[in-house]
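Scroll down for the structure; my scribbles are underneath it.
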Amino acid sequence: MTDLASLVGVPTRGLRTRLTATVVAIGTAAVVGLAVTLWFAARTFLEEEAGARLQAVADAKAAEARRWVERERSFLTYVASAPTAAAVAHDLAGRERAPDEPARAWIETVRRTAPDHREVFLLSPTGGQVVLSTDSSSEGRFETRTPFWERGREGPFVTGVYTSPETGRPELTLAVPVRGGDGALLGVLASHLDLARLDAIVDDRTGLTEGAEAYLVSSSYDFVSADRFGRDAFRRGVATPGVRAALDGRRGVDAYANYAGVSVLGAFEPLGELGLALLVEVPRSVALAPARQLLGVVVGVGLLAVLLMAVGATVAADRIAQPIEGLTGAAVRLASGQFEVDLPEGAPGEVGVLAEAFRSMTGRLRSLVDDLGHQVKETLAASAEVRRQREHLQAIVDNATSWIAVVDRQGRLTLANQRLEDLLGVGPGQALGRVLTDVLPAQDTEAVREAIAAALDGAENGAEITLRPSVEGETGASLDGGTPRPVGGGGFPDEGDGAAGNARGSEPVYGANDPARPVAEGVVYLVHAFPLVDGAGRVYGAGVLGTDLTEQRRREAERRRFEQQLRHRQKLESLGVMAGGIAHDFNNLLAAILGHAAMALEDRGGEEARRHHVEQVVSAAERAAELTKQMLAYAGQRGLRTEAVDLNASIRSMSELFAVTIPKQVQVELRLDEQPVTTSADPAQITQVLMNLITNAADAMREGGGTLTVLTRRERVSKGLALPGVVVGGPLRPGDYAVAEVRDTGPGIPAENLRRIFEPFYSTKAEGRGLGLAAVQGIVRASGGAMVIESEPGRGTAFRVYLPLTEGAEPVREPESVVDHADPRGRTVLVADDEDAVRGFVVRALAHHGFDVVEAPDGVRAVELFRTNGRIDAVVLDLTMPGLTGGEALREIRSLQPDVPVVLCSGYDAANAAADLRDYDRVEFLQKPFRGAELIRTLRQLLD
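FYI, in the working numbering the residues of the sequence shown are 3 to 946.
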């Protein structure tokens, strides 16, 4: 540090120089600022004034050019409408000889009357031939290469400036129709205008300053004059910004470089009807000359003023510097610690006041230095206490079961506890200053970023993410680019290592390289972000808390698996209960089938009687097939899928199924809503819910009989509505619901049992397992609904199921078969089924309809026959065969012929039996049993 005592001898001319230099600098800056301001103001004014003048000149020239063209067009229209023109045109129509003298005299008079018309001529109404012209050499010529003849037949027409095909010069042509008294077209009167008048308008210097010019440019970017296109120096045209703007149809004023590369201020005006652009330009150097003159005057006067100010500043500095020198020496001594200083007394003016204030300040400084010593001791003691409390708080934060972070408004870490540092794989303090969402080892950091952003806006927010510990082989490197610090050999981030782990509680402690430490693929965290607010209510950062949810998610998954097992066990129990009724019903159907089949074989009453017996056999078999499909649906063999389910249709489809399981002494009454009562759920699960409730109600009346009523309806649940009875799975949110109610007139359920009937394994029946209603509750709750139970001993019980109503959704129906009339003759079908009876039926049905059939008893033989027989058009495969299954045989066959049509057959539902074969094209599924007509219809559809 510089010795302050050395400043005592600083000469007074240093202050004088600084004061003078300051005044000069301020004066110079003021002059420069004033000059720049005046320059920009003058330039803006001059550019606006010059632009307005140029625009006015351009407007005047454009208007004069348009008036000239309009005047000449009006004159030619007047001449064409005169009777003389019609008489001459009529006389010359269809004549092949030369025009007579009166006609020539008339057209010469027209040209002399309008000196700007270079050539006036008359065209025939058809063919466009010149029949009369002021230039007799043009007579007989056909004017079909220019549009004025065709357009002139319709009405007055003015061409744009174009290149004359005869002279090669710029040309502007007028054309008007000549009509007779009856309106008939007699000819077209046309005139080539002399553009010298247009040159005169453009070259007129009125309103233009010295150096300004006006010119015309064609649509081909060439200069235009009365004699020629272009100029010798600019043969490639002129495409300046002003020219392009005018040819684009815009008018205005702008600064740009002209055709010679000179910066100009130009006004541009489109002459669209002539196909020209009019430009009036003046060099910017000419337009801004007054501004430069004004700038020179301002700079000269300003520099003179600065010089006078410098002389005055030097004189003033001399008077100020001498008294200040004494004060400077005293201040240097005071800075070195000498509080006893001598100052000159009686100094005049402000310097005397400053000296007296300096003495008072010296006394105060002596007192303040003493007080400061005491304050330093107190501050050191308070700092030590703050440090101790901070270490205590850090120890608490580090031992929290969650990871904790604080970020500033830019998302950078200002605090991170040890669990977060372990998660990131860094040492103490190494994560600070980094953006949390950039270094967090998670795949879904966007959710964390959104939560922090919401907290910084003053709102609390949360997100669920999965984090991976930062270990070698995962992140690859720590935040500082060095070797990653292992988190206990790759374990969960909330496990301590070494001594640090002992400080966190009684959890197991593993060393950094301990092979017994568990390894996790990822930990699920609930991240909660909240705003941090200062005393003024401003959000200065956000706190972020990450809570480990892995164990909770595991318990939830275990609970869902347990519920699924409950539903499965209950379904098995229900199937066992129904087995007797199903067997009884199947025996009845088999008795009908066998009886009528025997009668058909023995009856000698004729074809009609045998046909009757066969029809009864078919009817009984169809009822058996329908009962089998219902059993498959209830057993869950149709695949879990969510779709629109009409409760009315589900109950009707189950009528035969629960008819065989309900005791005969129980009367069933269906009261179904007239409208569809539709919800979104899995059809098999809805069937299971309804079947459980119906069988439970029937069991309650097995001994005394009664009435079992099944109802459906739509119901709106309002906010605050209290539903009668015991609500399970609720409360229900306000909205519309699909309601299914199963009511019995049995003995009812005692109040003490009403709350326990949904507990797993709780049952009041000796043969029961206690699983049915537990499974029902799980299905209803998973579908977003609830159940209400009302029961009164001696009066019966009512179960009401509330499921969210789905409006406008149509239940899924099987698509209707499309009848195809493809001719089967000459078509060969390979049939593979290990059941001889089924295979024989399929073979005979196909042969009966004209197909050639090749049959195989299993999948292996089917593949061999397909490989050796080169004329197979379609394949029918059973899915469950020895050797090769139907699916495996399909893959082998498709490898040989990728587009061969295939029909798959199985007694199981397609959703399960052929789930992995859905991606194949030209593959259809038939569920057994099926009729021969269904098989033929499916094959014809595939073969079409």
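Ideal Cβ positions, reconstructed from N, Cα and C, are used throughout, including at glycine.
>> Tell me which residue opens and which closes the alpha helix (DSSP H) that M693 is part of.
In response: Residue 693 sits at position 691 when you count from the first residue of the sequence shown. First-last of the alpha helix (DSSP H) with M693: 685–702.
> What is the C-beta distance between A742 and P931, in whole angstroms, given that I count them as a contact (C-beta under 8 Å)?
Replying inline: Position 740 of the sequence shown, counting from 1, holds the residue named residue 742. Position 929 of the sequence shown, counting from 1, holds the residue named residue 931. Your pair A742 and P931 does not check out as a contact, with CB atoms roughly 31 Å apart and the cut at 8 Å.
>> Please return the same chain residues whose Cβ sits closer than 7 Å to the Cβ of G708, not counting the five positions on each side in sequence.
In response: Numbered from 1 along the sequence shown, position 706 holds the residue referred to as residue 708. Cβ neighbours of G708 beyond the five flanking positions: V668, D746, T747, G748.
> Do you know how far the Cα of R829 is from the Cα of S657?
Replying inline: For the purposes of this step, residue 657 is identified with residue 655 of the sequence shown, where counting begins at 1. For the purposes of this step, residue 829 is identified with residue 827 of the sequence shown, where counting begins at 1. S657 and R829: Cα-Cα distance of roughly 43 Å.
> Applying the criterion that 16 or more other CB atoms from any shown protein chain within 10 Å of the CB defines a buried residue, is Q929 buried or exposed?
Replying inline: By 1-based counting over the sequence shown, the position of residue 929 is 927. So Q929 ends up on the buried side.
> Are at least three pairs of beta-carbons, each pair with one atom in the segment 27–35 and one in the segment 178–185, less than 8 Å apart?
Replying inline: Here the segment 27–35 makes no contact with the segment 178–185; the two share fewer than three CB pairs at distances below 8 Å.
>> Rounded to the nearest angstrom, what separates L305 and G35 at their Cα positions?
In response: Start at 1 with the first residue of the sequence shown, and residue 305 comes out as number 303. Start at 1 with the first residue of the sequence shown, and residue 35 comes out as number 33. If you take the alpha carbons of L305 and G35, they lie about 13 Å apart.
> So what does DSSP say about R797, is it helix, strand or coil?
Replying inline: Here the question's residue 797 lines up with position 795 in the sequence shown. Coil.
> Tell me which same chain residues have a C-beta within less than 7 Å of the C-beta of V399, skipping the five on either side of it?
Replying inline: For the purposes of this step, residue 399 is taken as the residue at position 397 of the sequence shown. Closer than 7 Å at the Cβ level, and outside the excluded window around V399, lie I406, N419.
> Whose C-beta lies closer than 7 Å to the C-beta of V112 among residues of the same chain, with five residues either side of it excluded?
Replying inline: Stepping through the sequence shown from its first residue, residue 112 is reached at position 110. The residues are V81, V122.
> Leaving out five residues before and five after R286 in sequence, what residues of the same chain have Cβ atoms less than 7 Å from its Cβ?
Replying inline: Sequence index remark: in the sequence shown, residue 286 carries index 284 (1-based). So the qualifying residues of the chain are A257, S265, V266, L267.
>> Less than 8 Å between the beta carbons of V255 and A269, yes or no?
In response: Working through the sequence shown from its first residue, we reach residue 255 at position 253. Working through the sequence shown from its first residue, we reach residue 269 at position 267. Closer than 8 Å, so yes.
>> Using only the alpha-carbon positions, how far apart do R612 and A602 sit?
In response: Taking the sequence shown and counting its residues from 1, the one referred to as residue 612 is at position 610. Taking the sequence shown and counting its residues from 1, the one referred to as residue 602 is at position 600. Looking at the two C-alpha atoms, the distance is approximately 5 Å.
> Rounded to the nearest angstrom, how far is the Cβ of A216 from that of L281, given a contact under 8 Å?
Replying inline: Translated into the one-based positions of the sequence shown, residue 216 becomes position 214. Translated into the one-based positions of the sequence shown, residue 281 becomes position 279. With a contact defined as Cβ atoms closer than 8 Å, A216 and L281 qualify at about 7 Å.
> Looking at the unbroken beta strand (DSSP E) that takes in G708, where does it start and where does it end?
Replying inline: Indexing the sequence shown from 1 puts residue 708 at position 706. For G708, the enclosing beta strand (DSSP E) has its first and last residue at 708–719.
> Does the distance from the CB of P903 to the CB of A935 come in under 8 Å?
Replying inline: Here residue 903 refers to the residue found at position 901 of the sequence shown. Here residue 935 refers to the residue found at position 933 of the sequence shown. Cβ distance not < 8 Å, so P903 and A935 don't count as in contact.
> Is the beta carbon of A531 less than 8 Å from the beta carbon of I454?
Replying inline: Locating residue 531 in the sequence shown gives position 529, counting from the first residue. Locating residue 454 in the sequence shown gives position 452, counting from the first residue. Yes, the Cβ-Cβ distance between A531 and I454 is below 8 Å.
>> Out of Y527, G460, A465, which one is the CA nearest neighbour of L534?
In response: One-based indexing of the sequence shown puts residue 534 at position 532. For the residues Y527, G460, A465, the minimum Cα distance to L534 belongs to G460.
> Just checking, does the segment 837–854 make contact with the segment 792–809 on the three C-beta pairs under 8 Å criterion?
Replying inline: Contact fails: fewer than three Cβ-Cβ distances are below 8 Å.
> Between the Cα of A262 and the Cα atoms of D250, P272, G239, L458, which residue gives the shortest distance?
Replying inline: Here residue 262 refers to the residue found at position 260 of the sequence shown. A262 has its Cα closest to that of G239, out of D250, P272, G239, L458.
>> So, does the segment 401–416 touch the segment 366–377, judging by three or more C-beta pairs under 8 Å?
In response: The count of Cβ pairs closer than 8 Å, one atom from the segment 401–416 and one from the segment 366–377, stays below three, leaving the stretches out of contact.
>> Output needed for T416: all residues of its chain with C-beta closer than 7 Å, excluding positions within five of it in sequence on either side, in chain order.
In response: Taking the first residue of the sequence shown as position 1, residue 416 is located at position 414. Hits under 7 Å: V408, V409, D410, L434, G543.
>> Since A95 and L188 should fall inside the 8 Å C-beta cutoff, what is the C-beta to C-beta distance between them, to a whole number of angstroms?
In response: The count along the sequence shown starts at 1 and reaches residue 95 at position 93. The count along the sequence shown starts at 1 and reaches residue 188 at position 186. For a cut-off of 8 Å, the C-beta gap from A95 to L188 is around 6 Å, short enough to register as a contact.
> How long is the line joining the alpha carbons of P486 and E423, rounded to whole angstroms?
Replying inline: Taking the first residue of the sequence shown as 1, we reach residue 486 at position 484. Taking the first residue of the sequence shown as 1, we reach residue 423 at position 421. Per-residue confidence for P486 stands at a pLDDT of 37, beneath the threshold of 50, marking its modelled position as unreliable; the derived number appears in the next sentence. P486 and E423: Cα-Cα distance of roughly 11 Å.
>> Check this for me: beta carbons of A289 and A60, under 8 Å apart or not?
In response: To locate residue 289, count along the sequence shown from 1; it is residue 287. To locate residue 60, count along the sequence shown from 1; it is residue 58. Not closer than 8 Å, so no.
> Skipping 5 residues on each side, what residues in its chain have a beta carbon closer than 6 Å to that of V670?
Replying inline: As a position in the sequence shown, residue 670 is number 668, starting the count at 1. Within its own chain, the residues whose Cβ lies closer than 6 Å to the Cβ of V670, once the five positions on either side in sequence are excluded, are L710, listed in chain order.
> For F77, which of helix, strand or coil comes out of DSSP?
Replying inline: Here residue 77 refers to the residue found at position 75 of the sequence shown. DSSP places F77 in helix when its eight states are reduced to three.
> Roughly how many angstroms lie between the CA atoms of E809 and G780, to the nearest whole one?
Replying inline: Locating residue 809 in the sequence shown gives position 807, counting from the first residue. Locating residue 780 in the sequence shown gives position 778, counting from the first residue. Approximately 24 Å between the Cα atoms of the pair.
>> Just to confirm, is the Cβ distance from D854 to A834 under 8 Å?
In response: The residue you call residue 854 lines up with position 852 of the sequence shown. The residue you call residue 834 lines up with position 832 of the sequence shown. Not closer than 8 Å, so no.
>> Here's the rule I'm using: 16 or more other beta-carbon atoms within 10 Å means buried, otherwise exposed. How should F144 be labelled?
In response: Working through the sequence shown from its first residue, we reach residue 144 at position 142. Around the beta carbon of F144, fewer than 16 other beta carbons sit within 10 angstroms, so the residue counts as exposed.
>> Checking 8 Å against the spacing of the C-beta atoms, do P101 and V133 come in under that value?
In response: Reading the sequence shown from its first residue, position 99 is the one you call residue 101. Reading the sequence shown from its first residue, position 131 is the one you call residue 133. For P101 and V133, yes; Cβs fall inside 8 Å.
> Do A259 and L218 have their C-beta atoms closer together than 8 Å?
Replying inline: Reading the sequence shown from its first residue, position 257 is the one you call residue 259. Reading the sequence shown from its first residue, position 216 is the one you call residue 218. No.
>> Going by C-alpha to C-alpha distance, which of M703, Q396, V450 sits closest to G1?
In response: This structure cannot settle anything about residue 1, because the visible part of the chain is limited to 3 through 946.
> I think L195 touches H119, with their Cβ atoms under 8 Å apart; what is that distance to the nearest whole Å?
Replying inline: On the sequence shown, residue 195 is found 193 positions in, with the first residue counted as 1. On the sequence shown, residue 119 is found 117 positions in, with the first residue counted as 1. Right, the Cβ-Cβ distance comes to about 6 Å (below 8 Å), so this counts as a contact.
> If we count the other Cβ atoms within 10 Å of its Cβ and call it buried at 16 or more, is E818 buried or exposed?
Replying inline: In the sequence shown, the residue the question calls residue 818 occupies position 816. Confidence at E818 is low in this model, with a pLDDT of 46, below 50, so its placement is unreliable and the value that follows should be read with caution. Counting every other CB atom within 10 Å of its CB across the protein chains shown gives E818 a total below 16, marking it as exposed.
> In three-state DSSP terms, what is T468?
Replying inline: Mapped onto the sequence shown, residue 468 falls at position 466. It is a strand residue.
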